[in-house]
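These notes concern the structure reproduced below.
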Amino acid sequence: MDKIPTPHIGLTSEQAHESRLQHGCNELTPRTRTSRWKLFLEKFEDPIIIILLIAMVLSLLSACYEYFVTKTDPTGAGFFEPVGVFLAILLSTGIAFYFELKSEKEFELLSQVGDEVRYKVMRDSEIIQIPKREIVVGDLLYLETGEEIPADAELLEAVTLSVDESTLTGEPMTTKSVRPEDQDSEATYPTNYICRGTTILEGHAVCRVQVVGDATEQGKIFEGIQIDASVETPLNRQLDHLGSLIARISYILAALVLAGSTLIYALDGGFAAPWDTTLSYFLGKIMLAVTVIVVAVPEGLPMSVSLSLAYSMRSMMRSNNLVRRMHACETMGAITVICTDKTGTLTENRMRVESFFSEASTEVQSLLPEAIAANTTAFLNTHDRQHPEVMGNPTEGALLLWIREQGNDYLLLRDSAPIIRQLPFSTERKYMATLVQSAMLEGKAVLYVKGAPEILLSLCNLPTEVRTRYEVQLQQYQSRAMRTLALGYHIVESPADQEKPLDELIEEGLQLQGIFGIMDPVRSEVPAAIQQCREAGIGVKIITGDTSGTAKEIARQIGLWGESSTDDEIITGADFEALTDDEAKARLTHLKIMARARPMDKERLVRLLQELGEVVAVTGDGTNDAPALNRAHVGLSMGDGTAVAKEASDITILDSSFASIAQAVLWGRSLYLNIQRFILFQMTINVVACLTVLIGAFLGKESPLTVTQMLWVNLIMDTFASLALASLPPSPHLMKERPRKASAGIITPQLARQIFGVGGLFLLLLFALHYILEHLDLTTGQWVEGKEQLTALDLSVFFTTFVFLQLWNMFNAKAFHSGRSAFAGMDRARYFLLITAVILVGQFLITTFAYDFFQIASLPFSYWIALLVATSPVLWIGELGRLIARLTGRLRA
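For the sequence shown, position 281 (counting from the first letter as 1) is numbered 281 according to UniProt numbering, and the numbering increases by one without interruption.
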């Protein structure tokens with residue numbers, strides 16, 4: 001037993017009360033939650049939403065003017081536009097609010113912390129059990145194997161004490177001691193000090209509580225994540241830019257409409273008319289300019305963004321990714337660097353036997369199952385038969401798992417070999433020994449020994465060449481950062497020898513059974529996921545509290561470290577702290593590993609990467625990861641991580657699988673592409689509508705599209721289109737591309753060319769159609785000199801043609817940036833097909849039954865089919881262009 005002569009005197013009830021008043025209780029101050037009303041109102045800070053609100057007010061004023069002042073809209077149809085815009089705003093903000101609120105509730109259920117767990121303390125000279133939250137500074141605390149440490153404390157006694165500090169430092173097992181000679185000056189936390197949130201793997205301890213609650217190491221980290229380190233997401237930045245661009249363009253177009261109308265009015269001698277006529281004319285043109293502003297704003301864009309985010313959020317939830325913050329879905333698509341911890345994220349966070357080497361005979365090796373089962377203090381929790389949980393020393397647990405995989409029941413073996421005497425492991429001896437009555441040797445007494453290979457090799461009488469082969473193998477294990485164990489035994493023949501001290505029996509010599517190489521294995525899916533991320537142009541950096549050797553070995557196994565790697569690509573936390581920010585930034589471009597990292601080292605690394613323009617995701621499952629998770633653009637906590645890590649993150653990967661990170665990147669990139677597809681679709685409509693009004697203003701012509709018709713095309717149909725394009729499945733080819741630049745606009749040059757190119761083509765076609773309808777009598781088929789105004793049937797044909805042009809263009813939007821046919825993957829795009837059918841049926845019903853409401857004539861079915869076929873070249877020409885591009889290799893097939 002490690003022990004120092006400190007009197008074990010606990011607190012009295014009065015002293016505990018005074019300590020609580022002075023130092024506080026043992027609870028972490030909960031994170032301040034934003035009120036639900038504030039969360040909802042925050043949705044209205046979106047720049048597009050603000051523009052829509054302005055447009056809604058202007059549209060409402062225009063409708064009031066036409067209904068109450070000029071009496072030009074006796075039916076009040078003009079009020080449909082502001083009402084429709086209002087509904088679009090409400091739906092968009094409501095969808096985002098609903099899904100974030102739902103996700104937050106699911107997260108709260110996931111993150112409930114057990115402050116009611118009871119611990120043994122000495123109060124009033126008696127050992128009692130109290131809840132974790134009632135522990136105070138000065139309490140004498142008694143801890144055993146398996147317990148989570150409730151507060152930071154100084155050790156008074158430590159019996160073979162090992163602690164899992166992975167939640168704070170990444171170290172899955174750290175030996176603790178009160179002996180001065182055992183103190184490790186390089187340890188992250190003192191060897192005689194234990195911290196809240198870590199877990200006792202083996203042994204037991206008596207300790208004095210030093211700090212509680214927020215003052216603990218875990219509490220400091222938790223308090224650090226309360227600071228708002230939120231970083232503006234790339235999508236928010238791009239939508240801000242797009243909103244400003246649309247606003248400027250709409251104002252310019254409105255000004256041009258007024259300028260063109262004024263010019264035409266002046267050329268026609270309008271200023272000679274009475275002042276009230278001139279005033280009425282210009283009020284009407286002002287309302288027309290307002291209409292241009294309203295039409296220019298993409299009402300469906302916020303809804304498309306919200307629907308795309310919600311769809312991705314729901315789909316990611318089905319694949320065990322709990323998204324807490326909606327925009328994290330899209331931001332994952334812009335990630336350029338992933339900073340990942342090692343333990344529990346890249347590895348399984350449980351020790352496994354990686355290799356066994358033995359030159360002993362089959363007879364000697366046959367005793368291994370009993371030697372392992374009898375000479376250990378660990379247990380296996382086999383409630384989950386596929387993934388049994390180790391209780392106790394993880395290295396011993398690895399041996400139990402090894403014999404279990406060979407079909408042995410360790411409990412049966414242990415029960416059939418009753419213990420006679422046992423010598424526990426100590427840091428001086430570096431081995432553990434157990435004398436048992438062996439069932440495998442017909443009741444003979446056998447002394448099983450397990451410990452450091454170099455010690456056991458010295459206790460075995462081995463030929464030089466055999467010893468050399470063992471030593472070579474041992475060096476290979478150590479070069480791969482494995483933990484090593486050797487097993488041996490000694491048969492005790494006489495009853496008198498059984499009474500000898502076990503140390504003396506061991507000195508008589510051992511029969512070596514073999515040596516084990518043990519390590520925390522890499523998750524099977526990680527190497528492929530790392531490769532996928534690297535192919536996607538995403539840098540991966542390992543940040544761990546483990547040693548440099550272990551970190552390099554894990555990096556080698558996942559394909560991040562190779563023969564060409566240099567020492568410049570790895571750094572320790574202490575060396576990183578010594579660098580200035582400028583020096584550190586110079587190292588970051590090629591840095592792959594940071595070993596022996598402390599919590600704030602990781603946070604600083606993330607901050608410096610962001611200052612270099614990188615979009616950073618951080619993975620982690622420990623309390624030590626929380627500051628970096630909070631600082632990052634996207635924090636990814638693991639489902640089996642600590643509550644503090646989950647609180648700081650944006651996405652919780654419920655299955656703790658690194659492969660889900662690559663999947664999240666794919667969803668983010670696909671989501672962004674779907675938003676671009678909708679922008680392509682709707683902005684093409686807006687370009688055509690705005691330019692139609694603008695050119696009409698300069699030509700002195702009225703728009704052939706009524707307000708009600710524009711409502712269907714520019715709002716209702718766009719809403720359906722946003723649903724169709726938002727629900728498109730992910731596009732795997734996106735994982736072969738480089739991340740988009742965070743500084744780039746959401747409307748790329750390729751997107752802009754297609755918007756204005758297709759929009760301009762549609763404009764020419766519609767003006768050509770308008771010219772034909774002005775000179776063609778559809779009822780007789782005769783060409784006439786010119787009509788005074790278009791008939792209701794003419795307007796019906798024009799309106800339906802406009803809708804069908806956009807409908808076919810929706811298929812082109814679906815194929816945007818894929819290089820594939822618009823019909824590819826239709827089996828996975830059932831929502832797209834369903835909504836296409838809804839638009840078609842809706843247009844058919846309008847032109848067949850609701851024509852009066854839309855101020856058009858009933859359109860015969862033959863016309864309807866003819867127009868559908870006549871406008872279909874929009875799709876076929878697009879298909880031809882994509883085919884040519886594939887054949888010439890300009891786009892991915």
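In this text, a Cβ means the ideal position worked out from N, Cα and C, and glycines have one as well.
Residue j and residue i - do their beta-carbons sit closer together than 8 Å?
i: residue 969; j: L263; result: Because the chain here runs from 1 to 893, residue 969 falls outside it and cannot be looked at.
i: residue 920; j: Q513; result: For residue 920 there is no data in the structure shown, the boundaries of the chain being 1 and 893.
i: S722; j: Y831; result: no
i: S649; j: L629; result: yes
i: residue 912; j: A645; result: Shown here, the chain extends from 1 to 893; a query on residue 912 therefore has no answer.
i: V292; j: I651; result: no
i: M317; j: C329; result: no
i: L680; j: A813; result: yes
i: E553; j: A481; result: yes
i: A371; j: Y448; result: yes
i: A857; j: S796; result: yes
i: A373; j: L413; result: yes
i: V618; j: A632; result: yes
i: L143; j: V178; result: no
i: A595; j: A551; result: yes
i: L258; j: A296; result: no
i: I221; j: N624; result: yes
i: N320; j: L694; result: no
Among the options, which one has its Cα closest to the Cα of residue i?
i: P418; options: F425, G443, G407; result: G443
i: D758; options: P873, L734, F658; result: Going by the sequence as given, residue 758 is Val instead of Asp. For the residues P873, L734, F658, the minimum Cα distance to V758 belongs to P873.
i: V616; options: T336, G517, E14; result: T336
i: S494; options: V446, A866, M519; result: V446
i: I777; options: L765, T791, I515; result: Residue identity differs from the one stated: residue 777 is Asp in this sequence, not Ile. Looking at the Cα atoms, T791 is the closest of the given residues.
i: L239; options: L705, L694, P369, I675; result: I675
i: D621; options: E611, G613, P599; result: P599
i: G146; options: A205, V466, A822, A824; result: A205
i: V779; options: L859, L666, I653, F811; result: The sequence shown places Thr at residue 779, rather than the Val named in the question. Per the Cα distances, L859.
i: A433; options: F798, P424, L411, L161; result: P424
i: V212; options: A536, K132, S358; result: K132
Classify residue i as helix, strand or coil using the three-state DSSP reduction.
i: N321; result: strand
i: S727; result: coil
i: T619; result: strand
i: N381; result: strand
i: T434; result: strand
i: V353; result: strand
i: L161; result: strand
i: S796; result: helix
i: residue 907; result: No answer is possible for residue 907: the residues shown for the chain start at 1 and end at 893.
i: K736; result: helix
i: A850; result: coil
i: F107; result: Because F107 carries a pLDDT of 47, less than 50, the predicted location of this residue cannot be relied on, and the following value inherits that uncertainty. Of the three classes helix, strand and coil, the one that applies to F107 here is helix, per DSSP.
i: T29; result: coil
i: A608; result: Reading off the sequence shown, one finds Leu at residue 608, where the question assumed Ala. Of the three classes helix, strand and coil, the one that applies to L608 here is helix, per DSSP.
i: E14; result: helix
i: S315; result: helix
i: D152; result: strand
i: V337; result: strand
i: L776; result: strand
i: V841; result: helix
i: Q386; result: coil
If you measure from the beta carbon of residue i to each beta carbon in chain B, is any gap under 8 Å?
i: P131; result: This model lacks chain B altogether, as it is built from one protein chain only.
Contact the region 598-613 vs the region 147-166: 3+ CB pairs below 8 Å = Here the region 598-613 makes no contact with the region 147-166; the two share fewer than three CB pairs at distances below 8 Å.
Would you list, in sequence order, the uninterrupted beta strand (DSSP E) runs of no fewer than 3 residues that lie entirely inside the region 170-253?
-> For the region 170-253, whole beta strand (DSSP E) runs of length 3 or above, ordered along the chain, are 171-176, 199-211.
Are the region 118-138 and the region 15-27 touching by the rule of at least three beta carbon pairs closer than 8 Å?
-> Taking 8 Å as the limit for Cβ pairs, the verdict is that the region 15-27 does touch the region 118-138.
Runs of beta strand (DSSP E) lying entirely within the region 440-467, each at least 3 residues, in chain order | 445-451
Three or more C-beta pairs below 8 Å linking the region 798-807 and the region 840-847 | yes
With contact counted as at least three CB pairs below 8 Å, one residue from each stretch, are the region 197-217 and the region 244-264 in contact?
-> no
Inside the region 639-678 only - alpha helix (DSSP H) runs reaching at least 4 residues | 643-648
Pair every Cβ in the region 169-187 with every Cβ in the region 535-550, then say whether three or more of these pairs are closer than 8 Å.
-> yes
Which runs of the beta strand (DSSP E) fall wholly inside the region 463-492 and span at least 3 residues, in chain order?
-> 483-492
Evaluate the contact criterion for the region 584-595 versus the region 558-576: three or more CB pairs, one atom per stretch, below 8 Å.
-> Verdict: yes, contact present.
Can we say the region 658-673 touches the region 516-533, given the rule of at least three CB pairs closer than 8 Å?
-> yes
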